[in-house]
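Asker: Per full-length UniProt numbering, the sequence shown starts with residue 1, numbered consecutively.
Heads up, the beta-carbon is just placed ideally off N, CA and C, and yes, glycines get one too.
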Amino acid sequence: MLNNKSILITGGTGSFGKQFVKTILARFQPKKVIIYSRDELKQYDMAQIFNASQMRYFIGDVRDQSRLKQAMDGVDYVIHAAALKHVPVAEYNPMECIKTNIYGAENVIQAALAAGVEKVIALSTDKAANPINLYGATKLASDKLFVAANNMVGERKTQFSVVRYGNVVGSRGSVIPFFQKLLNDGATELPITDERMTRFWITLQQGVDFVIKNFERMHGGEIFVPKIPSATIVALASAMAPSLPMKIVGIRPGEKLHEVMCPFDDSHLTLAFHDHFVIKPSIVFNTRPDFACNNLGEIGVPVVGGFEYSSGTNTEVLDVEGLRLLIEQGYEA
Numbered sequence: 001m002l003n004n005k006s007i008l009i010t011g012g013t014g015s016f017g018k019q020f021v022k023t024i025l026a027r028f029q030p031k032k033v034i035i036y037s038r039d040e041l042k043q044y045d046m047a048q049i050f051n052a053s054q055m056r057y058f059i060g061d062v063r064d065q066s067r068l069k070q071a072m073d074g075v076d077y078v079i080h081a082a083a084l085k086h087v088p089v090a091e092y093n094p095m096e097c098i099k100t101n102i103y104g105a106e107n108v109i110q111a112a113l114a115a116g117v118e119k120v121i122a123l124s125t126d127k128a129a130n131p132i133n134l135y136g137a138t139k140l141a142s143d144k145l146f147v148a149a150n151n152m153v154g155e156r157k158t159q160f161s162v163v164r165y166g167n168v169v170g171s172r173g174s175v176i177p178f179f180q181k182l183l184n185d186g187a188t189e190l191p192i193t194d195e196r197m198t199r200f201w202i203t204l205q206q207g208v209d210f211v212i213k214n215f216e217r218m219h220g221g222e223i224f225v226p227k228i229p230s231a232t233i234v235a236l237a238s239a240m241a242p243s244l245p246m247k248i249v250g251i252r253p254g255e256k257l258h259e260v261m262c263p264f265d266d267s268h269l270t271l272a273f274h275d276h277f278v279i280k281p282s283i284v285f286n287t288r289p290d291f292a293c294n295n296l297g298e299i300g301v302p303v304v305g306g307f308e309y310s311s312g313t314n315t316e317v318l319d320v321e322g323l324r325l326l327i328e329q330g331y332e333a
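1) Just the C-alpha distance for Met240 and Phe179, rounded to the nearest angstrom, thanks.
2) With DSSP run on the structure shown, which of helix, strand or coil describes Ile228?
3) On the DSSP letters alone, give me the boundaries of the beta strand (DSSP E) that Gln159 sits inside.
4) Would the segment 7–14 count as touching the segment 26–43 if we require 3 or more Cβ pairs under 8 Å?
5) Using beta-carbon positions only, say whether Phe20 and Ile109 come within less than 8 Å of one another.
6) So for Ile327, helix, strand or coil by DSSP?
7) Evaluate contact between the segment 184–192 and the segment 141–149, counting only Cβ atoms and requiring at least three cross-stretch pairs below 8 Å.
8) By the three-class DSSP mapping on this structure, what secondary structure does Lys119 have?
9) Among the residues of its own chain, which have a CB less than 8 Å from the CB of Leu257, if the five just before and after it don't count?
10) Under DSSP, the alpha helix (DSSP H) around Thr23 begins and ends at which residues?
11) Would Gly166 pass as a contact of Leu204 if the rule is Cβ separation under 8 Å?
12) With the cut-off set at 8 Å, would you say Pro263 and Glu316 are in Cβ contact?
13) With a threshold of 16 other CB atoms inside 10 Å of the CB of Lys181, please say whether the residue is buried or exposed.
14) Kindly indicate which three-state DSSP category His86 falls into: helix, strand or coil?
15) Just the Cα atoms here: how many angstroms apart are Ile283 and Leu325?
16) Measuring only the C-alpha atoms, how far is Ile176 from Glu155?
17) Please classify Pro94: is it buried, with 16 or more other beta-carbons within 10 angstroms of its beta-carbon, or exposed?
18) If you reduce the DSSP assignment to three classes, tell me which class Val153 lands in.
19) Between the Cα of Asn214 and the Cα atoms of Leu123, Ser238, Lys85, which residue gives the shortest distance?
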């Protein structure tokens with residue numbers, strides 16, 4: 001479905017953007033792939049690797065709506081991946097996080113509507129569900145903006161949906177590269193925030209594949225959540241350095257013990273499909289799509305009342321060997 005399409009990725013020099021570009025250039029024949037981001041060095045470095053004739057590199061910030069409108073001219077699909085996403089950094093720099101994650105989301109929406117974009121998928125995070133940190137709160141606000149945007153389209157063809165998932169293996173700034181750097185530097189112990197802590201895990205390739213599939217599935221207004229495994233931080237440390245002791249250092253500002261992707265309070269809106277969940281909008285759309293049957297003909301069923309999809313109670317749990325395999329798969333991608 002991406003053949004002869006023009007695709008724009010905000011924050012496209014990040015881990016997701018690079019894997020997405022690698023994937024679509026291998027599988028499809030897109031008309032154009034536009035990387036929209038504000039760091040010229042990262043764009044230069046990426047252009048040395050991805051220099052196909054379809055590639056375009058636009059310097060711009062999601063805080064700049066007029067530049068976004070220029071960049072989206074003639075674009076069919078948009079993936080909104082740009083965000084300030086480090087939890088402690090957001091706690092110390094709240095307004096910067098709000099400007100990028102909330103105002104930036106609104107700018108993407110307005111630019112997509114102005115350009116007549118066909119489909120927009122915004123990347124979210126498990127931290128947007130029942131948020132306790134500013135990053136999660138801004139992404140929840142962003143999710144709400146993208147869902148509600150479907151009632152702003154009027155006669156336009158634009159559809160907006162959200163993809164929400166957990167920690168990505170090997171993504172820049174996440175715990176696995178952090179642990180790996182400590183090991184490479186000769187660490188004699190690994191710092192553990194709390195031995196009870198759990199997280200959802202997904203590889204970059206799985207995340208990219210999920211987004212591509214949801215471009216086909218989407219009606220507009222859904223929050224798509226993949227069914228993925230969880231693991232404890234202790235198991236992760238044991239998988240990466242079985243012979244090293246662990247040092248409990250305490251939870252960082254804004255961290256949770258467990259993450260949630262489908263909250264208890266949204267159970268009446270949640271549908272279970274064979275490999276994912278869909279959280280339906282809490283508001284009524286003019287088009288009134290049947291979210292229980294997606295555009296691929298897959299059928300979802302309502303979850304039981306009070307259902308919550310949490311990393312702490314997830315039935316799919318990775319042990320040490322499972323984590324080693326996941327890490328290997330993540331870095332092979």
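Answerer: According to the structure shown:
1) Taking the straight line joining both Cα atoms gives about 8 Å.
2) DSSP places Ile228 in the coil class of the three-state scheme, outside both helix and strand.
3) Gln159 -> beta strand (DSSP E) spans 159–165.
4) The way I'd put it, the segment 7–14 does touch the segment 26–43; three or more beta-carbon pairs between them come closer than 8 Å.
5) Their beta carbons are not under 8 Å apart, which means Phe20 does not touch Ile109 by this criterion.
6) In this structure, Ile327 counts as helix in the three-state DSSP scheme.
7) Short answer: they don't touch.
8) Assignment of Lys119 by DSSP, reduced to helix, strand and coil, places it in the strand class.
9) Hits under 8 Å: Asp194, Arg196, Met197, Thr198, Ile251, Gly312.
10) Counting along the chain, the unbroken alpha helix (DSSP H) around Thr23 starts and ends at 15–27.
11) In this structure, Gly166 sits away from Leu204, with a CB-CB distance that is not shorter than 8 Å.
12) Going by C-beta atoms, Pro263 is not nearer than 8 Å to Glu316.
13) Lys181 comes out exposed.
14) Three-state result, His86: coil.
15) Distance from the CA of Ile283 to the CA of Leu325, rounded to the nearest whole angstrom, comes to 41 Å.
16) The alpha-carbon of Ile176 is positioned some 46 Å away from that of Glu155.
17) The residue is exposed, with fewer than 16 neighbouring Cβ atoms inside 10 Å.
18) Per DSSP, reduced to three states, the secondary structure at Val153 is coil, with no helix or strand assignment.
19) The option with the nearest alpha carbon to Asn214 is Leu123.
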